[in-house]
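Peer 1: My questions will all concern the structure given below.
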Amino acid sequence: MAKYEELGIAIEGSVRRACEGKRVGVAFSGGMDSGLIAALASKYAKSVTCYTCGTDDSFDVAAGRELAEILGLPWVQCKISGESIENDIRELILATKVSDPFTISYEMQLFTVCRNADERLILSGQGSDEYFGGCANSVSEDDAGYESFRDWGLERLMKVSIPCERSIASNFKKKIAYPYLDDEVLHCVSKLDPAELRPDSLENRKSVLKTVASDLGYPVLAHRTKKASQYGSNTTETIRDAARAKGLRYNRFIAGIYESLGLREANLLRDAAVDVRMDPILLYDAEKVLSGLGKTHSEAMAAFYKKLVSEGNLDFLEDEKKE
Numbered sequence: 004m005a006k007y008e009e010l011g012i013a014i015e016g017s018v019r020r021a022c023e024g025k026r027v028g029v030a031f032s033g034g035m036d037s038g039l040i041a042a043l044a045s046k047y048a049k050s051v052t053c054y055t056c057g058t059d060d061s062f063d064v065a066a067g068r069e070l071a072e073i074l075g076l077p078w079v080q081c082k083i084s085g086e087s088i089e090n091d092i093r094e095l096i097l098a099t100k101v102s103d104p105f106t107i108s109y110e111m112q113l114f115t116v117c118r119n120a121d122e123r124l125i126l127s128g129q130g131s132d133e134y135f136g137g138c139a140n141s142v143s144e145d146d147a148g149y150e151s152f153r154d155w156g157l158e159r160l161m162k163v164s165i166p167c168e169r170s171i172a173s174n175f176k177k178k179i180a181y182p183y184l185d186d187e188v189l190h191c192v193s194k195l196d197p198a199e200l201r202p203d204s205l206e207n208r209k210s211v212l213k214t215v216a217s218d219l220g221y222p223v224l225a226h227r228t229k230k231a232s233q234y235g236s237n238t239t240e241t242i243r244d245a246a247r248a249k250g251l252r253y254n255r256f257i258a259g260i261y262e263s264l265g266l267r268e269a270n271l272l273r274d275a276a277v278d279v280r281m282d283p284i285l286l287y288d289a290e291k292v293l294s295g296l297g298k299t300h301s302e303a304m305a306a307f308y309k310k311l312v313s314e315g316n317l318d319f320l321e322d323e324k325k326e
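When we follow the numbering used here, the leftmost residue of the sequence shown carries the number 4, and every step to the right adds one.
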């Protein structure tokens, strides 16, 4: 029996339940996570098409085209460019109401996939990095630092990324399935020794999933090189170039688009000498509380500044900590 056989069975089962007999698209970066999903889906789905977002010269487009050919699956490039990026961001913001520049940079890939895909169901490899130690920051000799980053990543995934992606899918009348977040898969992950999921080097990230991919018959996937989607697709660089062309910083460029749509002030301190973003996880939690109180984000900020002016200092924050 293979060491991670139960996990492999669970992942294949989650893919099968999601796509059996259906026409599906895969958000496909050309890396191991989406590659394994696509390969398994091809065994059960009526049809599988791989969609890769990126500029013509991007890492992901080259990797996606190559891997789709290896797997024998049809492949489609979902192009982004300097000419279209501002309108793309505008459409994404309208669909999700997200203002955080970082979130926009890595969700642009799914947005373009959903816009271009013919299929109603999109399979995503989301969750693999967070649960299998795929992020560069997962490599840490400091136990507290590793655990803090892991917990932050999982919280951001569930509170920020997944809600944003469901809004994107809904905007295009599509559904997203997340095989790596399936209950049976996560149950198997929970039974593993946490030390096995913690990478000791950049090269050994996601070693458990690499073994699973090989055991399932796809050793070619275990050695795929991957970049974060916002960089592999050239999304971040494309946005930065568009901002520079207007004489703006990256964050201010996105904030300006958000505010031009007549939405509340962007999640950014407006016109500050240095652009400061609020943690989107904190924003998510705060807006749940504000919603229960019948207050808006702007009203809360106005109340904060009113108290700051009346007190003349920030001592009231220290007083609240003591209480």
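Backbone N, C-alpha and C fix where the C-beta goes; we use that ideal spot for every residue, glycine too.
Could you name the residues of the same chain whose beta carbon sits closer than 6 Å to that of residue 213, not counting the 5 residues immediately before and after it, in chain order?
Peer 2: Excluding positions up to five away in sequence, the list reads 225.
Peer 1: Residue 167: which of 35, 151, 97 sits nearest, CA to CA?
Peer 2: Minimum Cα distance to residue 167 is reached at 97.
Peer 1: Ignoring anything shorter than 3 residues, give me the beta strand (DSSP E) runs that lie fully in the stretch 170–194, in order along the chain.
Peer 2: Complete beta strand (DSSP E) runs here, min 3: 178–180.
Peer 1: How close, in whole Å, do the beta carbons of residue 79 and residue 109 come, if the pair is a contact with beta carbons under 8 Å?
Peer 2: With a Cβ gap of about 20 Å, residue 79 and residue 109 do not count as contacting.
Peer 1: Would you tell me roughly how many angstroms separate the C-alpha atoms of residue 257 and residue 217, rounded to the nearest one?
Peer 2: Looking at the two C-alpha atoms, the distance is approximately 41 Å.
Peer 1: Could you give the DSSP three-state label for residue 28: helix, strand or coil?
Peer 2: Note: residue 28 maps to strand in three-state DSSP.
Peer 1: Give the single residue among 248, 71, 82 whose Cα lies nearest to the Cα of residue 39.
Peer 2: Closest by alpha carbon: 71.
Peer 1: Can you find at least 3 beta carbon pairs, one from the stretch 155–173 and one from the stretch 132–142, that sit closer than 8 Å?
Peer 2: The answer is yes - the stretch 132–142 touches the stretch 155–173, with three or more Cβ pairs under 8 Å.
Peer 1: When you compare only the Cα positions, how much space is there between residue 84 and residue 169?
Peer 2: Going from the Cα of residue 84 to the Cα of residue 169 covers about 24 Å.
Peer 1: Taking all protein chains shown into account, do 16 or more other C-beta atoms lie within 10 angstroms of the C-beta of residue 153, making it buried, or fewer, making it exposed?
Peer 2: Flag for residue 153 reads buried.
Peer 1: So who's on the other strand from residue 52, going by DSSP bridges?
Peer 2: BP columns for residue 52 point to 28.
Peer 1: DSSP puts residue 125 in a beta bridge; with which residues?
Peer 2: Answer is 28, 179.
Peer 1: Could you tell me the distance, in whole angstroms, from the CA atom of residue 120 to the CA atom of residue 311?
Peer 2: Rounded to whole angstroms, residue 120 to residue 311 spans 50 Å at the Cα level.
Peer 1: Have a look at the DSSP bridge pairing and note the partners of residue 81.
Peer 2: Its beta-bridge partners are 56.
Peer 1: Return the CA-CA distance between residue 183 and residue 221, expressed in angstroms with no decimal places.
Peer 2: Residue 183 and residue 221: Cα-Cα distance of roughly 17 Å.
Peer 1: Would you kindly check if the distance between the Cβ of residue 63 and the Cβ of residue 32 is under 7 Å?
Peer 2: Yes, these two residues count as a Cβ contact at 7 Å.
Peer 1: Is residue 27 closer than 7 Å to residue 124 when the C-beta atoms are compared?
Peer 2: Against a cut-off of 7 Å, the Cβ pair of residue 27 and residue 124 comes out as a contact.
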